[in-house]
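K.L.:
Before I ask anything, here is the structure I am working with.
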Amino acid sequence: MTSPTFRASRSALRALALGGLLSASAMASVALAAPAAPAFDVARISNDIKTLSSDAFEGRGPATPAEKKTIDYIAAQMKAAGLQPAGQKGTWFQDVPLRKSEIVGAPSLAMTIGGAATPLSQGQQIAVRAAETGQSSVAIKDLPLVFVGYGVKAPERGWDDFKGVDLKGKIMVVLVNDPDFEGGGAADGGADFGGKLMTYYGRWTYKYEEAARQGAAGVLVIHESEPASYGWATVKNSNTNTMFDIVRADPKSAHTQMEGWIQKDLAVQLFKASGLDFEAAKAAARKTDFKAMPLKATMSADYAVKSEIITSHNVAGLVRGSKYPDETVIYSAHWDHLGVGLPDAKGDRIYNGARDNASGTAALLELARTFAKSKPERSVLFLAVTAEEKGLLGSEYYADNPLRPLATTAGVINMDGPLSIEKTTNFSISGAAKLDLLTMLTEEGQKLGRHYTPDARPEAGSFYRSDHFPMAKRGVPAISFSPGRELVNGGDARGKELSDIYTRDKYHQPADEYDPNWNTSGWNSDMTLLYSVGNRLANGRDWPNWSQDSEFRAARDATSASRK
5 MTSPTFRASR SALRALALGG LLSASAMASV ALAAPAAPAF DVARISNDIK
55 TLSSDAFEGR GPATPAEKKT IDYIAAQMKA AGLQPAGQKG TWFQDVPLRK
105 SEIVGAPSLA MTIGGAATPL SQGQQIAVRA AETGQSSVAI KDLPLVFVGY
155 GVKAPERGWD DFKGVDLKGK IMVVLVNDPD FEGGGAADGG ADFGGKLMTY
205 YGRWTYKYEE AARQGAAGVL VIHESEPASY GWATVKNSNT NTMFDIVRAD
255 PKSAHTQMEG WIQKDLAVQL FKASGLDFEA AKAAARKTDF KAMPLKATMS
305 ADYAVKSEII TSHNVAGLVR GSKYPDETVI YSAHWDHLGV GLPDAKGDRI
355 YNGARDNASG TAALLELART FAKSKPERSV LFLAVTAEEK GLLGSEYYAD
405 NPLRPLATTA GVINMDGPLS IEKTTNFSIS GAAKLDLLTM LTEEGQKLGR
455 HYTPDARPEA GSFYRSDHFP MAKRGVPAIS FSPGRELVNG GDARGKELSD
505 IYTRDKYHQP ADEYDPNWNT SGWNSDMTLL YSVGNRLANG RDWPNWSQDS
555 EFRAARDATS ASRK
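In this note's numbering, the protein residues as written are 5 to 568.
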């Protein structure tokens, strides 16, 4: 006899299928009851986090002495777990060539605003990045500043912030996020960019790329905490240290010589000196008829840049499949953080990155230990990637140079801060993508008494900020897991409060340190859910896909012939 619970579940599944979230093959594979999941050693997970985020690992910066210590530790744990090395030439490592750039000494930065000379301090009013164009210095003098709204050129949306403006020899000043983040949609003479759901056009990475395409001499993003989704401390700490990029044949096609951010107060000053009101200019930028606004200000900068090609490393360990060894399920997490940088108010210069992302790396290792004790039918690859904090570079390199073919990769489960602050009743993923893999995750969560909730902060653009994205854009079904924030004790309100405190006080700051008093009551449930969806995929015959209307569906469909 079918239980009422299972009948309700089947009804929910039919609704998901009709909504394009669940394929027929996924429907057919739904289990009637949750299989017994292994127990996870929370103390061992905690110890891995404590070790990797200790001062001895110096913030796990790529291409520093801490890198070797970090990747050797991960490889040693994989070896001890019984995994097989899955890197290059029988090793645990995949070489990832990167361009490393860093400012030498203190940069000289200044603006002339309304005729008045205004010196600027790095990390205070402004945060400029080391030039990633390969040049040995930046020397610009009195270059004009031009406000270009949101800096978006989107023909498919009938949007162009650059109409009628020539940015050659000029610095473009741009708002962060999308043109409709604060209203101004199509009904108001604007365009539909998803509202609170950030598109790639809203990411600062896109704005840098577009500045290069427009031929600008430089770009300055105006920081505001709400549309950026983080405070100035995060901007300062992320932009004033060593930069990395993939090795490009023509770096200037993707980067201007000067890239950076400015504080909102400085932007307001710039607009006022130009006879403009900052808020009125923002409102104008939300309209399709917006035209660039020259500012009565110029920018000068002078600093040396050390640029070199280095080799960082992804770490890869494999549990070989018992029946279908050429098919792969991937668990991924980034091992890197920000290394050693500017001191905080307490003088601490080590960015330990305990939650971001020693926690994800520790979860990866514990899952590896668990799968190594079983015999999954498909191979399971455990991939610790480098340089996520520098733009998803390790995962981008892997996606271009996969150790296991992407066409026969069934799915990717990425972990970036995957362990709950306290026990939660829900879970989520980064962004709002629709795919069979999410349906499978949702079903496994229901067996644990947890429910799926859409990304609580879609305006943060987190879909484009985690290591699943390079795989997703190549068609591989990929999700980045979030443990949710609806707390058993305190609900969503308290979960949001704790999340906001972390973002404000610890995210990309030296204060993101291991705390022996962390509430780990939800970790076993988080690990069980992560294990269950991967185990189901590793021991089934499903080939998950994206929803019919997904921009990634065509790339996945194109690989189906190679799996027959």
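In this text, a Cβ means the ideal position worked out from N, Cα and C, and glycines have one as well.
Quick one, are the C-beta atoms of Thr-390 and Pro-42 less than 9 angstroms apart?
P.N.:
Looking up residue 390 in the sequence shown gives position 386. Looking up residue 42 in the sequence shown gives position 38. No, the pair does not count as a contact, with Cβ atoms beyond the cut-off.
K.L.:
Enumerate in chain order the residues of its own chain whose CB-to-CB distance from Ile-130 is below 8 angstroms, with the five nearest sequence positions on each side excluded.
P.N.:
Walking along the sequence shown from the start, residue 130 turns up at place 126. Excluding positions up to five away in sequence, the list reads Leu-113, Leu-124, Leu-224, Gly-264, Trp-265, Ile-266, Gln-267 and Leu-270.
K.L.:
Taking all protein chains shown into account, decide if Pro-69 is buried (16 or more other Cβ within 10 angstroms of its Cβ) or exposed.
P.N.:
To locate residue 69, count along the sequence shown from 1; it is residue 65. Its Cβ having fewer than 16 others within 10 Å, Pro-69 is exposed.
K.L.:
Alpha carbons only, please: which of Gln-92, Glu-214, Val-132 and Lys-200 is nearest the one belonging to Phe-166?
P.N.:
Within the sequence shown, residue 166 is the residue found at index 162, counting from 1. Per the Cα distances, Glu-214.
K.L.:
Could you tell me which residues DSSP puts in a beta bridge with Thr-157?
P.N.:
Within the sequence shown, residue 157 is the residue found at index 153, counting from 1. Per the sequence shown, residue 157 should be read as Lys rather than Thr. BP columns for Lys-157 point to Asp-164.
K.L.:
Can you list, in chain order, the residues of its chain with a C-beta nearer than 8 angstroms to that of Val-309? Leave out the 5 residues immediately preceding and following it.
P.N.:
As a first step, residue 309 must be located in the sequence shown, where it is residue number 305. The answer, listed in chain order, is Ser-105, Glu-106, Ile-107, Val-108, Ala-134, Ala-135, Gln-139, Ser-140, Ser-141 and Val-142.
K.L.:
Here's the rule: buried if 16 or more other CB atoms are within 10 angstroms of the residue's CB, otherwise exposed. What is Glu-160?
P.N.:
Stepping through the sequence shown from its first residue, residue 160 is reached at position 156. Counting Cβ neighbours within 10 Å, Glu-160 comes out exposed, since fewer than 16 surround it.
K.L.:
For Met-297, collect the residues of the same chain with a Cβ closer than 6 angstroms to its Cβ; drop the 5 residues on either side in sequence, then sort them by chain order.
P.N.:
Stepping through the sequence shown from its first residue, residue 297 is reached at position 293. Around Met-297: Phe-151.
K.L.:
Can we say the stretch 74 to 88 touches the stretch 367 to 386, given the rule of at least three CB pairs closer than 8 angstroms?
P.N.:
Contact holds: three or more Cβ-Cβ distances are below 8 angstroms.
K.L.:
Assign Ser-257 to one of two classes, buried (16 or more other C-beta atoms within 10 Å of its C-beta) or exposed (fewer than that).
P.N.:
For the purposes of this step, residue 257 is taken as residue 253 along the sequence shown, with counting starting at 1. Exposed: under 16 other Cβ atoms inside 10 Å.
K.L.:
Going by DSSP in three states, Glu-381 sits in which element: helix, strand or coil?
P.N.:
In the sequence shown, the residue the question calls residue 381 occupies position 377. Coil.
K.L.:
Can you list the beta strand (DSSP E) stretches of 3 or more residues lying completely in the stretch 337 to 417, in chain order?
P.N.:
Complete beta strand (DSSP E) runs here, min 3: 382 to 389.
K.L.:
Quick check for students: name the residue ranges of the alpha helix (DSSP H) that lie wholly in the stretch 45 to 82, counting only runs of 4 or more.
P.N.:
Runs of the alpha helix (DSSP H) inside the stretch 45 to 82: 46 to 56.
K.L.:
Beta-carbon within less than 6 angstroms of Thr-116's beta-carbon, same chain only, minus the 5 sequence neighbours each way: which residues are those?
P.N.:
As a working mapping, residue 116 is identified with position 112 in the sequence shown. Within the same chain, Thr-116 has close Cβ partners Thr-302.
K.L.:
Touch check for the stretch 399 to 413 and the stretch 422 to 442: three-plus C-beta pairs under 8 angstroms?
P.N.:
Result no; under three Cβ-Cβ pairs closer than 8 angstroms.
K.L.:
I'd like to know if the stretch 240 to 256 and the stretch 201 to 208 are in contact, where contact means that at least 3 CB-CB pairs between them fall below 8 angstroms.
P.N.:
No, because fewer than three Cβ pairs between the stretch 240 to 256 and the stretch 201 to 208 fall closer than 8 angstroms, the two stretches do not touch.
K.L.:
Can you tell me whether Lys-104 is helix, strand or coil according to DSSP?
P.N.:
Here residue 104 is taken as the residue at index 100 of the sequence shown, counted from 1. Of the three classes helix, strand and coil, the one that applies to Lys-104 here is strand, per DSSP.
K.L.:
For Glu-448, count neighbouring C-beta atoms within 10 Å of its own C-beta (all shown protein chains included) and say buried if the count is 16 or more, exposed if not.
P.N.:
Reading the sequence shown from its first residue, position 444 is the one you call residue 448. Classification for Glu-448: buried.
K.L.:
Let me know if Glu-331 comes out buried or exposed under the rule of 16 or more other beta-carbons within 10 Å of its beta-carbon.
P.N.:
Taking the sequence shown and counting its residues from 1, one reaches residue 331 at position 327. With 16 or more other Cβ atoms within 10 Å, it is buried.
K.L.:
Could you give the first and the last residue of the continuous beta strand (DSSP E) run that contains Ile-505?
P.N.:
If you number the sequence shown from 1, residue 505 lands on position 501. Run containing Ile-505: none in the beta strand (DSSP E); it sits in the alpha helix (DSSP H), 495 to 509.
K.L.:
Look at Arg-207 and Tyr-468 and say whether their C-beta atoms are less than 9 angstroms apart.
P.N.:
Indexing the sequence shown from 1 puts residue 207 at position 203. Indexing the sequence shown from 1 puts residue 468 at position 464. Yes; because the gap between Cβ atoms is below 9 angstroms, this pair is in contact.
K.L.:
Could you say which of Arg-489, Leu-387 and Asp-254 lies nearest to Ile-433 if we only look at CA atoms?
P.N.:
Within the sequence shown, numbered from 1, the residue matching residue 433 stands at position 429. Answer by Cα proximity: Arg-489.
K.L.:
To the nearest angstrom, how far is the alpha carbon of Tyr-205 from that of Asp-196?
P.N.:
In the sequence shown, residue 205 corresponds to position 201, counting from 1. In the sequence shown, residue 196 corresponds to position 192, counting from 1. Distance between the alpha carbons of Tyr-205 and Asp-196 is about 12 angstroms.
K.L.:
Quick check: what's the CA-CA separation for Phe-61 versus Gln-128?
P.N.:
Locating residue 61 in the sequence shown gives position 57, counting from the first residue. Locating residue 128 in the sequence shown gives position 124, counting from the first residue. The straight-line gap from Cα to Cα measures roughly 28 angstroms.
K.L.:
Tell me the DSSP secondary structure of Thr-563 in three-state form.
P.N.:
Taking the sequence shown and counting its residues from 1, one reaches residue 563 at position 559. Of the three classes helix, strand and coil, the one that applies to Thr-563 here is coil, per DSSP.
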